[in-house]
Amino acid sequence: MLANLSFKAKLLFLLITAVLGFVIVTFVAMGGLSSQQKANNELRNLSKIQASNDQVRIHMLEIADSIRSISVDNYDDYLASANKQIEKNGSLISTSIERAHSQALKQVLEEDLIKINDYSQALIALINKRYIIGFDSSSGLRGNIDKMGTQISEDINKLSLLKREFTNVRKGEASYLSDPTESNLEEFTSSFTRFDTRIENFGFQDTHGVKANAYRDALLQYGKEYQTLNDTEAEFTAKKNEFDEGQLKANQLINENILQAEADAETSSAQANATLLGVSIAVSIAAALLMITIGRSVNSTLHNIITDLNKVKQGDMSSKSLVNKKRNDEFDQLSQSLNEMTDGLGNVLKDVVSTTSHVSTMSTDLNSTILSITNSNHLVNQRTHSLASATDDISSRLNELSSTTNTLRSHSNETYQSAKSGADTIQMVLNSITDTVNIVNITSQQLNELGRLSKNIDNVIAMINDLASQTNLLALNAAIEAARAGEAGRGFSVVADEVRALAEKTVDATSKITDIVNTIQHSTQTAITTMESGQDNLKIISENGSKAEEAMRDIESNAMTGSQSTDSMANAIQEVASTAIQMSAEMEQIAKQLNEDTRSINIMADKTKQIQQVSEQLADKTQVFTLV
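Take 14 as the starting number for the sequence shown in the working numbering and just add one per residue.
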């Protein structure tokens, strides 16, 4: 069945078998885990039910024990807390009923729910009865009776006969409240009858008698309520016992269910382990048998292929490996490839034999060609050395020219610096001349202003001369009039003489001032003319200085251009020298390379001889192979 299957199909069949076995094992394991999970869930539910029952029992015990601590102050809080806890207990039992899977357990828990409700109602009824009776001597009926007795005692405090009888009544009250038996009731009734007779004798039925009757009725009501309390306590005790029995029964049933669930879990686990082990063994055996069968088939095929490869190794190119065309798996393809490789290798060997002879002939021709190349290479090497020597000579001459150029560049730089310095000096002189021109212009303006002012002085002097002439005429007229007046006009004549003398002095002074002003005006005009001539000369100097500055700037520019040209020429000469040096170095490198090439060609010639020898050896070795 497996003989004609390909190796890939066999491996696929083995893989499918392993996967199926794994799937079967997985399903078996999942079944076992499901059973164990179910059993564990059952145990968990039973544990929760048991914990809930224990919690309910503890809560009810706590409620029952806390009855002793109830007082009027905490009665309402206690009752609310008890009702809340009773509701919670009912909810817990209802949840346990839902969790229970066993019908018997459900029934027991439902009975427990009824019993806990009865127990809770009995507990609440007991608390209410105790509240009515009174938790202590100051609460409930007991407290009311005590208050009524105290009130009556206060009312009859001044009535000694009534007070004495009521004291006996209070003693009977105390005995009956502490132990409400028939004998204590008779003792109280006897004392109260005597007290009531006293009230009737004294005529206090409408006052003290009303309170006394109410007091007696309250005490009798206490006796009835106390009897009801005893009945309620008996009912509470009975319900509590029933609840305890139900709890015990439920716990026993839960424990039985837990034991049964544990046993079922162990049985399920054992069955799952046994099934898993059996299936695993069966799958392992099937896989092992299939692997052995496939291994034998593969081993046989590989043995045949190795045998054919050994024949090829020994030189038998006519050997052919067996190929199963029907199966045509990877090993058959390998055998087919081996046969094709053998055929191809045989053809290659045939070509090698033919090529070896051809290579031997080509090696002989290559030797002669290499010898010719060696001779040519030697001649080129000699000429390269000569060219390198000539290049060195050119390089040395260029170095001398570069030195001369550097000297010229230095002189050009000095010329440029001198021209630049002269231009800067001329610029400074021009700046000074410009400042001088400005000063001369200002001075000329001031001299012109002085000439204008001196002309104003002439006007003032002319005015003074006119005034002096008028004064002189007036003085002359005054002298004439004084002479006419005679002796009476003598004093006036003296004044007229003084005025005339003063006018003459004024005319002399103005004449001198006029001469001085004329001199100043002449000097000022001469200075103005000189300043104008100086301005013209300074303007000419400034224009010539500007031209000189432009000439110096041209010299500076030409010197700079010459310096740059010298630098460019020096750089070019240095580059040419560097190129010549590099050419010389490259010529030497070429010579070295030619020497290396000569050695390589010699090595190539040796290798060619070795190739020829190897070709001959290869031809000898190919004789070993058996070709088709």
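For every residue, glycine included, the Cβ atom is placed at its ideal position computed from N, Cα and C.
Look at the alpha carbon of Asp471 and the alpha carbon of Thr447, and state the distance between them as a whole number of angstroms. 36 Å
Next on the checklist: Using a 10 Å radius around the Cβ and a threshold of 16 neighbouring Cβ atoms, would you call Gln260 buried or exposed?
Outcome noted: buried
- prompt: Between the stretch 289 to 304 and the stretch 81 to 92, are three or more C-beta pairs nearer than 8 Å?
  reply: no
Exercise for the section: Go ahead and pull the three-state DSSP assignment for Thr592. Expected result: helix
(message) To the nearest angstrom, how far is the alpha carbon of Gln240 from that of Leu139?
(response) 12 Å
Mind checking which residues open and close the alpha helix (DSSP H) that includes Asp192?
-> Here Asp192 belongs to no alpha helix (DSSP H), and DSSP marks it neither H nor E.
Can the beta-carbon of Asn270 be found closer than 8 Å to that of Leu118? yes
| query | What residue range is occupied by the uninterrupted alpha helix (DSSP H) comprising Leu335? | reply | No alpha helix (DSSP H) holds Leu335; DSSP gives it neither H nor E.
*If we ignore side chains and look at the alpha-carbon of each, how far apart do Gln116 and Ser79 end up?*
36 Å
Validate contact between the stretch 269 to 284 and the stretch 221 to 236 using beta carbons, cut 8 Å, 3 pairs
no
Open item on the list: Between which residues of its own chain and Gly162 is the CB-CB distance below 7 Å, once the five residues before and five after are set aside?
Closed with: Arg183, Glu186 and Tyr228
Own chain residues within Cβ distance below 8 Å of Glu213, not counting five before or after: Gly222
Report yes if the CB atom of Gln68 is closer than 8 Å to the CB atom of Leu105, and no otherwise.
yes
*With contact counted as at least three CB pairs below 8 Å, one residue from each stretch, are the stretch 95 to 112 and the stretch 199 to 215 in contact?*
no
Next item on the list: Consult DSSP for Asp378 and reduce its assignment to one of helix, strand or coil.
Entry: helix
Would Asn66 be called buried (16 or more neighbouring beta carbons within 10 Å of its own) or exposed? buried
So, helix, strand or coil for Phe217, using DSSP?
coil
Pairwise C-alpha distance: Leu515 and Ala501
23 Å
Suppose contacts are defined by Cβ-Cβ distances below 8 Å. Is Ile529 in contact with Ile474 by that definition?
no
>> Considering just the uninterrupted stretch of the alpha helix (DSSP H) at Asp94, what are its terminal residues?
In response: In the sequence on display, residue 94 carries Ser and not Asp. Note, Ser94: alpha helix (DSSP H), Tyr88 to Arg112.
ask   = What separation, rounded to the nearest whole angstrom, lies between the Cα atoms of Gln440 and Gln459?
value = 29 Å
- Query: DSSP three-state call for Gly147: helix, strand or coil?
  - Reply: coil
For Lys237 and Ala247, what's the separation of their Cα atoms in angstroms? 16 Å
At the level of alpha carbons, what is the spacing between Glu395 and Lys605? The question names Glu, but residue 395 is Gln in the sequence shown. About 11 Å.
For this session: Output the distance between the C-alpha atoms of Leu74 and Glu275, rounded to the nearest integer angstrom.
Result: 31 Å
(message) Going by DSSP in three states, Leu290 sits in which element: helix, strand or coil?
(response) helix
Beta-carbon within less than 6 Å of Ala491's beta-carbon, same chain only, minus the 5 sequence neighbours each way: which residues are those? Ala509
Q) Which first and last residues belong to the alpha helix (DSSP H) in which Arg155 is found? A) Gly153 to Asp168
Looking only at its own chain, which residues have a Cβ that is under 6 Å from the Cβ of Lys128, when we skip the five neighbours before and after it? Glu255, Phe256 and Gly259
Q. Looking only at C-alpha atoms, which of Leu466, Glu511, Glu413 and Thr543 sits nearest to Ser457?
A. Thr543
ask   = Taking the alpha-carbon positions, what's the Thr377 to Asp610 distance?
value = 20 Å
Contact between the stretch 194 to 207 and the stretch 145 to 157: three or more CB pairs below 8 Å? no
Exercise for the section: Could you check what DSSP says for Ser115 in three-state terms: helix, strand or coil? Expected result: coil
Same chain only: Cβ atoms within 8 Å of Val121, ignoring 5 sequence neighbours per side:
Gly259, Lys262, Ala263 and Leu266
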